[in-house]
Every structure is written in structure tokens, then in C-alpha cells.
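Quick notes on the structure that follows.
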Amino acid sequence: MFRVIMRRHSVVAIWFLAPSALGFLVFYLIPFAMGLWYSFLDRPNDGSFVGLANYKELLNSDSFRKAAQNTFLFTSVSVPITIALSLLLALLLNQSIYLRNWLRTAYVLPLVVPVASVVLIWQVLFDWNGTVNSWLYGFGLSRIDWMKSEWARGVLSVVYAWKNIGYNIILFLAGLQNIPKDYYETADLEGAGTFHKLARITLVYLTPTLFFVVLMGLISSFRIFRETYLIASDYPHDSIYMLQHYMNNMFLSLDMQKLTSAAVVMVVCLLLLVSGMFALERRFTKDLD
Amino acid sequence: MLLPIIISFTNSLMTEQEIGSNYDLVGQMTNAATGGKDAFVNLKLIPDWVSFEQYNKVLLATPTYLNLFWNSVYMVAIIIAGQVAVGAFAAYAFAKLRFRGRDRMFFVYLIAMLMPFQVTLVPNYIIADKLGLLNSAGAIVLPGIFGAFGVFMLRQFMLSIPTAYVEAAYMDGAGHFRIFHQIIIPLIKPGIAALIVLLFVDYWNMVEQPLIFLEDDFKQPLSVYLSVVQQEARGVGYAASVFYMLPMVLLFLYAESYFIEGVQMSGIKG
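Laid out in C-alpha cells, this is it:
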């Protein structure tokens, strides 16, 4: 019986999938496979196979290492902090109904502000003569050259959090409302404390939501490049020189070998990361249902 | 949270002179220039004089804006319509049909969705070249239509629809196309609304793709030009960004009830 269903489904599935799969093949899969192939050649046109030479060169390049390190650092710090902050706010917003809808709208609105406007405001706030520095000056502190020092990373994280918190909050609120109330009631009867309930009920049942939020967070952490690019162009301060800057610059200098091998390295990292997340998710949600 | 929106709006109502005097210090290192005296940008929220001078420049005096605005509109509209349609079909297969290699294939989509645009930049460039799409909107619109995000998101929504519905309809003799069209699509309307908003936000802001695939300045979307304008004329920049933000805010307010319900649903079955 199952076999029959499988076969019948397969035929239908082809029709449903065909348009997407075809476009996906042409615009994503083939480009990626080509990139993979180029990364093993010594030059894109009629190049000969050089094995891992490009990768060796890439890993020895200072600017790649810098870019990879920055991207890793930014993603591994900003994404968890933003998610933790959103979870905290969502837990708070879940308590009081008062003002909730207004706050929710206020938190989500940054998502619709165009990147270019964010950049404009950003300049005004974080310029050497900008407003934040004038506040610092007002408190008698010395001003900071935000975008041309190590602080740039912090500023970038703030902008990232500002943009993404609202979206995460909504996801978490939805997840929270989805946890059956009687779980908490039972726990109350058994005399469980607030912390115990948070750890054993709330966080456990939020795991699927968390998975989705982390994926979205990853995507948007790569998108922050747009803001950085618009404000600081091709070569921003060292601390915010990201992999995307590196790849963009390799493209502009026509160094396809470095560009494609950097791309492959990045995708392999993503693959490992997402597989790891899947494995973790499976382990945590095994006990559900 | 709302400060940037407020600043853009109130500053867009100031005259060029007022803006100029408020912000003429941006980008300068004034410590030396002012003889050691510290000076700051004047972040003013309330204009001295409400003026529509900037809007006049953006909307009437410079036809470029409207032209580029139109470029943005039609590219984004085609991408959204395409990705929603193509994505919904694929999502149905991934969520409600059983076939060999389904999960593995979906994993590939997931990775593609996470890849930054730069990863496939070179091959994409070559493919666009081979298909004769360079310097035309097609080079941006076609990859956009087949983006994996729509598939991913709509699949999430379809997963939250009980499979029993589908099976019951199937037992009653409805074909999969009919189930898709008459049961699934009406049920995931909130998801579609949410997807439209998110895609709009994303593509309305595109910068990298147009810069690389479009050579002619008059073919660029407004998002690219906006950053150029803001470097050159800050005053006009504010008005242009408000003008540019407007479709997004309107769409967002219109779709918000849908959208919030929609995003919530997608969170259910992470």
C-alpha cells in the first residue's frame, strides 16, 4: 500500500516541483557546481586542474582570514545575543496584555525602514561629529570614532539587533502561545518554581520555533553586509571587513579563483552548521509529542 | 526603536539650508578645523519651517526618481508574483507529498536559501551572460523568482495544515491540483501575505545584484540610486527615503494583521 502511494505521489510531485526545480537548477545549483569546478582550476577559461592549490592560497591570504574571522565573530556573537534579547522581551510581552499590540508594531517597524535610510541615520548618529558623540561629550567623556575603530563591530551589532528583534519577538510570541496552558497548571500543582517551569516547559516547547528563528537570524546576519557596504563602501574598517566584502572585492579585481574557493568554504561551513542544528533539533524534540 | 523613522520624516520637511547647517559637519574631522573647539552635528527633530521643497525636487523636478522608482516597482512585483507562485507549488510537494529523496532535496534548498548572494556571483554572471540577460532586468528577476525562501516559508505553513484534510479530500476523489487550489491555498493566505511582505522588504532594498548585473544607470532600482543621492544631497536624500519607504510602510500597515498572524503560524512547526 505504502509503495503504491509513494509511486502515485512521485508522479504528481514531479509536476508540482518541476517549475521550481528547473529554475533552482539553472540559477542556483548549476552556478554553484560551476563555482566548485572553477575553484579547482588555475584560471576560469581553459584552466587546468590544480587540485586544492586555490584553497591553500586562500587560507594563506590575510584578508580572507580576516574576513572569515570577522564574519564568524559577528554571526556567532550578534545572532545569539539578539535571539536571547528577543526571547526575553517576548517572555515579558507575553505577560502583560496592556500595550502589547502597540509595542509589537513598534518592534516590527524597523524591518520596513529601507537600508538606505538606515544608513543615513546611522551616519548622523555615529559620525565623528555625530549625535552619539555629542552625548558622550555632554557627559564629559571623550568622543569615539565609531566607524573607524574597533567600535564599528559593536555599532553593526546594534543595527542588526535593532532590525531583527521585532521579527524574532513575533515568532517567539507565537511559539509561546502555542504551549498548552495546562502544562503550566500541572506544574503549579506539583509545586514547580518559575525557573523550573521556564527550563522544563517553555524552553523545551520553544525548540522548533528557536530553530526557525536561528535560521532567519543567520540569513539576516549575512544581509547586514548591505548596510556596511553602503556606509563604509568596499574597504570598511578592519573589524567589519566581512566575507561578502572579500568576495565582492575579488569579483571586482577579477580574481575568480579566490572568489569561488571562498564561496565553497563558506557553503561547507553553512552545511556543517545546519546539519548540526538539525541533529540538535531532533535530539531536543524527540521527547515531544 | 522608531527614532530613525521619525528623523527621516521630520528632516524631510526641512529646507535644504536648514539641513545643510544641521549636518555640514558629517564626515569632517573638526577637532583641528575648529581650532580645537568641539562641534557636533545638530540632530533636530522639529523643522524651523515646514517646507515641501525636498519633495518638490524628488517628485517633480527630477524625473530620474520616478523612473527609478518604476524600475523598483516592476522588478519587485514580478519577483514576488513569481516566487509566490513557483514556491507554493514546490512547497506543496515538500509538505504534503511523499517521494524518494524529498528530505535530501529540501535540505539542498535550505542551504541555497542561506547562501549569501556573493557565493554564486561568478557563475551566475556567466549564466546570465549565456542567457543574454546581462544588463537587463531579467538577470535580477529570474533568479529572484526561483529563490528558495518562498518554498521554505510556504512549506512551514502547509505543514501546520493537518494532513488528514488532504487525505480526506483525496478519498473523496479530489486530485492533488484541486486539493492544492481549493483547500491549501485558501488556508495559507496569511502565510502568503507574510511572504509577500518579507520578499518586498528584501527585494525593495536590493543593492548588490543591480550593481553587478545592470550597467546602465537608468535601469537601476531606486535602492541603488538612493545611496548615491544621500551622499550628494542629504536634504533631498531624506525626502527620497521617505518617498521610498512609503510603499513599504503602506503595504506593511495594510498587511500587518495578516502578516502577524502569518508569521506566527510559520513559527508553529519550526
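Line by line, the protein sequences give chains A and B. When we follow my numbering, the leftmost residue of the first sequence carries the number 9, and every step to the right adds one. When we follow my numbering, the leftmost residue of the second sequence carries the number 2, and every step to the right adds one. Idealized CB from N, CA, C, for every residue including glycine.
* Asked: Is it buried or exposed for B/Glu168, if we count other Cβ within 10 angstroms and need 16 for buried?
  -> Locating residue 168 of chain B in the second sequence gives position 167, where the first residue counts as 1. B/Glu168 sits exposed, since fewer than 16 C-beta atoms from the chains shown fall within 10 Å of its C-beta.
* By Cβ distance, which residues of its chain are closer than 8 Å to B/Tyr75, with the 5 residues on each side in sequence left out? -> By one-based count along the second sequence, residue 75 of chain B stands at place 74. Hits under 8 Å: Ala138.
* Output yes or no for whether 8 Å exceeds the beta carbon distance between A/Ala160 and A/Ile22. => The residue you call residue 160 of chain A lines up with position 152 of the first sequence. The residue you call residue 22 of chain A lines up with position 14 of the first sequence. With contacts defined by Cβ atoms closer than 8 Å, A/Ala160 and A/Ile22 do not form a contacting pair.
* Could you tell me whether any Cβ in chain B is nearer than 8 Å to the Cβ of A/Arg290? => As a working mapping, residue 290 of chain A is identified with position 282 in the first sequence. No, A/Arg290 lies away from the interface with chain B (no Cβ there is under 8 Å from its Cβ).
* Asked: Heavy atom of the ligand FMN less than 7 Å from the Cβ of A/Ala207, yes or no?
  -> This structure does not include the ligand FMN; it has no bound ligands of any sort.
* Can you tell me which of the three DSSP states B/Phe181 falls into? => The count along the second sequence starts at 1 and reaches residue 181 of chain B at position 180. Looking at B/Phe181 - three-state DSSP - the assignment turns out to be helix.
* If we cut at 8 Å on Cβ distances, does B/Pro5 have a partner in chain A? -> For the purposes of this step, residue 5 of chain B is taken as residue 4 along the second sequence, with counting starting at 1. Interface residue, yes.
* **Proximity below 8 Å, CB of B/Leu14 to CB of B/Pro48** => Locating residue 14 of chain B in the second sequence gives position 13, counting from the first residue. Locating residue 48 of chain B in the second sequence gives position 47, counting from the first residue. Yes. Within cutoff.
* Going along chain B, which residues have a C-beta under 8 Å from A/Arg234? -> Here residue 234 of chain A refers to the residue found at position 226 of the first sequence. Simply Asn206, Val208, Glu209.
* Asked: What is the DSSP secondary structure of A/Phe374, counted as helix, strand or coil?
  -> The question about residue 374 of chain A has no answer, for chain A in this structure spans 9 to 297.
* Under three-state DSSP, which class holds A/Leu60? -> Residue mapping note: residue 60 of chain A aligns to position 52 of the first sequence, counting from 1. Residue state, collapsed to three classes: coil.
* Closer than 8 Å to chain B by CB, A/Thr268 -> Within the first sequence, residue 268 of chain A is the residue found at index 260, counting from 1. Closer than 8 Å to some Cβ of chain B, the Cβ of A/Thr268 qualifies, so yes.
* Asked: The alpha helix (DSSP H) with B/Pro48 in it runs from where to where?
  -> Taking the second sequence and counting its residues from 1, the one referred to as residue 48 of chain B is at position 47. It is not in any alpha helix (DSSP H) - B/Pro48 carries neither H nor E in the DSSP assignment.
* 8 Å Cβ cutoff, B/Gly36 in contact with chain A -> Numbered from 1 along the second sequence, position 35 holds the residue referred to as residue 36 of chain B. Its pLDDT being 49, under 50, B/Gly36 is placed unreliably by the model, and nothing is read from it.
* Asked: Rounded to a whole number of angstroms, what is the C-alpha to C-alpha distance between A/Leu128 and A/Tyr36?
  -> Here residue 128 of chain A is taken as the residue at index 120 of the first sequence, counted from 1. Here residue 36 of chain A is taken as the residue at index 28 of the first sequence, counted from 1. Between A/Leu128 and A/Tyr36, the C-alpha separation is close to 33 Å.
* C-beta atoms of A/Val282 and A/Leu44 nearer than 8 Å -> By 1-based counting over the first sequence, the position of residue 282 of chain A is 274. By 1-based counting over the first sequence, the position of residue 44 of chain A is 36. Note that the C-beta distance between A/Val282 and A/Leu44 is not below 8 Å.
* Using three-state DSSP, classify B/Gly37 as helix, strand or coil. => Translated into positions along the second sequence, residue 37 of chain B becomes position 36. For B/Gly37, the pLDDT reaches just 49, beneath the cut-off of 50, and the residue's location in the model is therefore unreliable, although a value from the coordinates is still provided. Secondary structure at B/Gly37: coil, using DSSP grouped into helix, strand and coil.
* Asked: Are B/Leu155 and B/Gly192 touching if we call contact CB-CB under 8 Å?
  -> Walking along the second sequence from the start, residue 155 of chain B turns up at place 154. Walking along the second sequence from the start, residue 192 of chain B turns up at place 191. Yes, the Cβ-Cβ distance between B/Leu155 and B/Gly192 is below 8 Å.
* Just how far apart, CA to CA, sit A/Asn78 and B/Tyr204? -> Taking the first sequence and counting its residues from 1, one reaches residue 78 of chain A at position 70. Taking the second sequence and counting its residues from 1, one reaches residue 204 of chain B at position 203. Spanning the two alpha carbons is a distance of roughly 26 Å.
* Asked: If we cut at 8 Å on Cβ distances, does B/Ala165 have a partner in chain A?
  -> Mapped onto the second sequence, residue 165 of chain B falls at position 164. For B/Ala165, the answer is no, since every Cβ of chain A falls outside 8 Å of its Cβ.
* Local conformation of A/Phe49 per DSSP, three classes -> The residue you call residue 49 of chain A lines up with position 41 of the first sequence. Checking the sequence shown, residue 49 of chain A turns out to be Leu, not Phe. Three-state result, A/Leu49: strand.
* **Buried versus exposed, by CB contacts within 10 Å (16 or more), B/Glu19** => For the purposes of this step, residue 19 of chain B is taken as the residue at position 18 of the second sequence. The residue is buried, with at least 16 neighbouring Cβ atoms inside 10 Å.
* **Opening and closing residue of the alpha helix (DSSP H) in which B/Glu209 lies** => Here residue 209 of chain B is taken as the residue at index 208 of the second sequence, counted from 1. Looking at the DSSP string, the run of the alpha helix (DSSP H) that includes B/Glu209 is 209-214.
* When DSSP labels each residue in this structure, what does A/Tyr243 get in the three-state scheme? -> Taking the first residue of the first sequence as 1, we reach residue 243 of chain A at position 235. DSSP places A/Tyr243 in coil when its eight states are reduced to three.
* Under the assumption that A/Ala200 contacts A/Leu66 (Cβ atoms under 8 Å), give the Cβ distance between them as a whole number of angstroms. => Position 192 of the first sequence, counting from 1, holds the residue named residue 200 of chain A. Position 58 of the first sequence, counting from 1, holds the residue named residue 66 of chain A. Actually they are not in contact, since the Cβ atoms of A/Ala200 and A/Leu66 sit about 53 Å apart, beyond 8 Å.
* Relative to the alpha-carbon of B/Phe1, which residue among B/Phe201, B/Pro5, B/Ile185, B/Leu132 has its alpha-carbon at the smallest distance? -> The first residue shown for chain B is 2 and the last is 271, placing residue 1 of chain B beyond what the model contains.
* Note down, in chain order, every chain B residue with its Cβ under 7 Å from the Cβ of A/His304. => The structure shown does not extend to residue 304 of chain A, since chain A is modelled only from 9 through 297, so no value can be given for it.
* So, does the CB of B/Ser13 fall closer than 8 Å to a CB anywhere in chain A? -> Sequence index remark: in the second sequence, residue 13 of chain B carries index 12 (1-based). B/Ser13 does not count as touching chain A.
* To do: Leaving out five residues on either side along the sequence, give the residues of the same chain with a beta carbon under 6 Å from the beta carbon of B/Leu251.
  => Position 250 of the second sequence, counted from the start, is the residue given in the question as residue 251 of chain B. Cβ within range, chain order: n/a, list empty.
* Nearest to B/Leu60 by alpha carbon, out of B/Ile189, B/Gly238, B/Met116, B/Ser9? -> Against the second sequence, residue 60 of chain B aligns to sequence position 59. Of all alpha-carbon atoms in B/Ile189, B/Gly238, B/Met116, B/Ser9, the one lying nearest the alpha-carbon of B/Leu60 is that of B/Gly238.
* Apart from the five residues on each side of it in sequence, which residues of its chain come closer than 7 Å, Cβ to Cβ, to A/Asn257? -> Walking along the first sequence from the start, residue 257 of chain A turns up at place 249. Excluding positions up to five away in sequence, the list reads Asp242.
* Which residue comes first and which comes last in the alpha helix (DSSP H) that contains B/Asp130? -> Reading the second sequence from its first residue, position 129 is the one you call residue 130 of chain B. Unbroken alpha helix (DSSP H) run through B/Asp130: 122-131.
* Anything in chain B within Cβ reach of A/Phe57, meaning under 9 Å, just list it in chain order. => For this step, residue 57 of chain A is matched to residue 49 along the first sequence. At a beta-carbon threshold of 9 Å, none of the residues of chain B lie near A/Phe57; the nearest stands roughly 18 Å away.
* Asked: Is the CB of A/Val166 under 8 Å away from at least one CB in chain B?
  -> Taking the first sequence and counting its residues from 1, one reaches residue 166 of chain A at position 158. Closer than 8 Å: no.
* State the CB to CB distance for the pair B/Ala234 and B/Tyr56, rounded to an integer number of angstroms; the pair is presumed to be in contact (CB under 8 Å). => Taking the first residue of the second sequence as 1, we reach residue 234 of chain B at position 233. Taking the first residue of the second sequence as 1, we reach residue 56 of chain B at position 55. That pair is no contact at about 13 Å.
* May I ask you to verify whether the region 179-187 of chain A touches the region 213-222 of chain A, counting CB pairs closer than 8 Å and requiring at least 3? => Touching, yes, given that three or more Cβ pairs across the two stretches are closer than 8 Å.
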